[in-house]
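A.B. asks:
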Amino acid sequence: MDSQRQNATGMESVNRPQSLEQLSRLLADLKSGTAELKVGKRALEVLDGMITYPKQSAISSISHLAKTFDVNPSTLTRLAKSLGYKGFAELQKIFRDYTAGTENFYSRRAGQLFQREDNRHEGMHLATRIANEETQNIASMVDNLNSKTLDGVVDLLVHAPRIRTHGLRQSYPIANYLSYGLGLIRNNVSVLSIAEHGIIHGISQLEPGDLLFTIGCAPYTRSTVTASQVAREQGVAVVTITDNHASPLAASASYTFISPTSGTFFSNSMSASLVLIEVLLSLVARKLGDKALDSLMRYEKLIGKMQFEI
């Protein structure tokens, strides 16, 4: 009996998540019922909340987190042990390690860029390096794709009555590009914008069956994460493009695309996300067929008319 208990403990120690991304994957398995271990419904909700707000989970005391999630501190301790950790402190270290990697994000990336050796051909060397990194990011994005996710998302992009895209900072142009491209081949697509009466006002116009498509990567904006959560609670389908499975955006999404953002550039690389948008738009256009063609021809006529009148 003792040897069996020791083996089980050793197994938990080996299999316990070592990163927030692994913890997020385990959460997905727990939600789908495919995980080997089992946790209670309330504990699962707590874990979901902790992963959604990793910074809060990293800096809060166990009593403060328990109060936030309206549970006893013992619930957090039991959750940690059920996941294979010795206690809550060991579970919390996963969140602290993760958030430590997002501090001083831009200046740290720029510092790495400035540390590169200078030479007479630095311009060409840098251009080649960045181009190679972007190529690798795109290839990695493609490797992460699967037919089930692509088919499910394309179906939503074709059939959802209303679609809103949302992303801030660097992700805003990507969200805008998706909205523009979809708007060329179907109706009722727009960007969910702070300028347009606010995010909550925009989400309130969506109903079950509609789609919110979010784009975001670390360091994440609270607005995008909150928009995803609120939309999901309203029964709106949520699709996201983000940088890893530990992203708080992935926690609220029905479908998640992983788009790597690493590289020499002092901020996040967005090229893989842009290519992914073009893939999705092409698949949607092909599925819409003549409807997409009619929409594009209508658009071309309007362009011609505007040029004539001017």
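Mapping of the sequence shown onto our numbering: position 241 corresponds to residue 1009, and the numbering continues sequentially without gaps. Idealized CB from N, CA, C, for every residue including glycine. On a predicted model such as this, the values are computed, not experimentally measured, just so you know.
Considering only residues of the same chain and omitting the five flanking positions on each side of residue 971, which have a CB-CB separation below 8 Å?
C.D. replies: Looking up residue 971 in the sequence shown gives position 203. The residues are 932, 960, 980, 995, 998, 999, 1002 and 1004.
A.B. asks: Only counting the same chain, and skipping five residues up and downstream in sequence, which positions put a Cβ closer than 6 Å to that of residue 917?
C.D. replies: Counting from one through the sequence shown, the residue named residue 917 turns up at place 149. 1023.
A.B. asks: Out of 897, 866, 856 and 901, which one is the CA nearest neighbour of residue 822?
C.D. replies: To locate residue 822, count along the sequence shown from 1; it is residue 54. It is 866.
A.B. asks: Which residue's Cα is closest to the Cα of residue 1020: 860, 951 and 1010?
C.D. replies: For the purposes of this step, residue 1020 is identified with residue 252 of the sequence shown, where counting begins at 1. It is 1010.
A.B. asks: Could you give the DSSP three-state label for residue 981: helix, strand or coil?
C.D. replies: If you number the sequence shown from 1, residue 981 lands on position 213. Of the three classes helix, strand and coil, the one that applies to residue 981 here is strand, per DSSP.
A.B. asks: Using 8 Å as the threshold, is the segment 941-952 in touch with the segment 1045-1053, meaning 3 or more CB pairs across them?
C.D. replies: As far as the Cβ criterion goes, the segment 941-952 touches the segment 1045-1053, which means the pair count is three or higher.
A.B. asks: Is the beta carbon of residue 825 less than 8 Å from the beta carbon of residue 856?
C.D. replies: Here residue 825 refers to the residue found at position 57 when the sequence shown is read from its first residue. Here residue 856 refers to the residue found at position 88 when the sequence shown is read from its first residue. No; because the gap between Cβ atoms is not below 8 Å, this pair is not in contact.
A.B. asks: Between residue 845 and the rest of its own chain, which residues show a CB-CB distance below 8 Å, the 5 nearest in sequence each way excluded?
C.D. replies: Here the question's residue 845 lines up with position 77 in the sequence shown. Cβ neighbours of residue 845 beyond the five flanking positions: 830, 855 and 856.
A.B. asks: Taking the alpha carbon of residue 832 as the reference point, which residue from 1057, 860, 799 and 812 has its own alpha carbon closest?
C.D. replies: In the sequence shown, residue 832 corresponds to position 64, counting from 1. Among 1057, 860, 799 and 812, the Cα nearest to that of residue 832 is on 860.
A.B. asks: Starting from residue 934, follow the beta strand (DSSP E) in both directions and report where the run begins and ends.
C.D. replies: Position 166 of the sequence shown, counted from the start, is the residue given in the question as residue 934. Note, residue 934: beta strand (DSSP E), 931-934.
A.B. asks: Could you give the DSSP three-state label for residue 959: helix, strand or coil?
C.D. replies: As a working mapping, residue 959 is identified with position 191 in the sequence shown. Here residue 959 sits in strand by DSSP.
A.B. asks: Please identify the residue among 1071, 1040, 1058 and 841 whose C-alpha is closest to the C-alpha of residue 942.
C.D. replies: Residue numbering aside, residue 942 sits at position 174 when the sequence shown is read from its first letter. The option with the nearest alpha carbon to residue 942 is 1040.
A.B. asks: Return yes when the Cβ of residue 952 is within less than 8 Å of the Cβ of residue 1063, no when it is not.
C.D. replies: Locating residue 1063 in the sequence shown gives position 295, where the first residue counts as 1. Locating residue 952 in the sequence shown gives position 184, where the first residue counts as 1. Closer than 8 Å, so yes.
A.B. asks: Per DSSP, what are the beta-bridge partners of residue 1023 in this structure?
C.D. replies: Counting from 1 along the sequence shown, the entry for residue 1023 is found at position 255. Answer by DSSP bridge pairing, in chain order: 1007.
A.B. asks: By alpha-carbon positions, which one of 810, 827, 930 and 858 ends up nearest to residue 840?
C.D. replies: Within the sequence shown, the letter at position 72 stands for residue 840. Of 810, 827, 930 and 858, the residue nearest in Cα terms is 810.
A.B. asks: Do residue 827 and the ligand GDP come close, with the Cβ less than 7 Å from some heavy atom?
C.D. replies: Among the components of this structure there are no ligands whatsoever, and the ligand GDP is therefore not found.
A.B. asks: Rounded to the nearest angstrom, what separates residue 805 and residue 842 at their Cα positions?
C.D. replies: Indexing the sequence shown from 1 puts residue 805 at position 37. Indexing the sequence shown from 1 puts residue 842 at position 74. Straight-line Cα distance between these residues: approximately 19 Å.
A.B. asks: I need the straight-line Cα distance from residue 983 to residue 975, nearest angstrom please.
C.D. replies: As a first step, residue 983 is located in the sequence shown; it is residue number 215 there, counting from the start. As a first step, residue 975 is located in the sequence shown; it is residue number 207 there, counting from the start. Taking the straight line from one Cα to the other gives about 20 Å.
A.B. asks: Who are the near neighbours of residue 937 in its chain, counting only those whose CB is closer than 7 Å to its CB and skipping five residues on each side?
C.D. replies: Looking up residue 937 in the sequence shown gives position 169. Taken in chain order, the residues that qualify are 989.
A.B. asks: Do residue 1007 and residue 1061 have their beta-carbon atoms positioned less than 8 Å apart in this structure?
C.D. replies: Taking the first residue of the sequence shown as position 1, residue 1061 is located at position 293. Taking the first residue of the sequence shown as position 1, residue 1007 is located at position 239. It is not a contact, given that the beta carbons lie outside the stated cut-off.
A.B. asks: Grouping DSSP H, G and I as helix and E and B as strand, with all else coil, what is residue 1055?
C.D. replies: Numbered from its first residue, the sequence shown carries residue 1055 at position 287. Three-state result, residue 1055: helix.
A.B. asks: With residue 994 as the anchor, note down where its alpha helix (DSSP H) starts and where it stops.
C.D. replies: On the sequence shown, position 226 is the one that residue 994 refers to. Residue 994 -> alpha helix (DSSP H) spans 990-1001.
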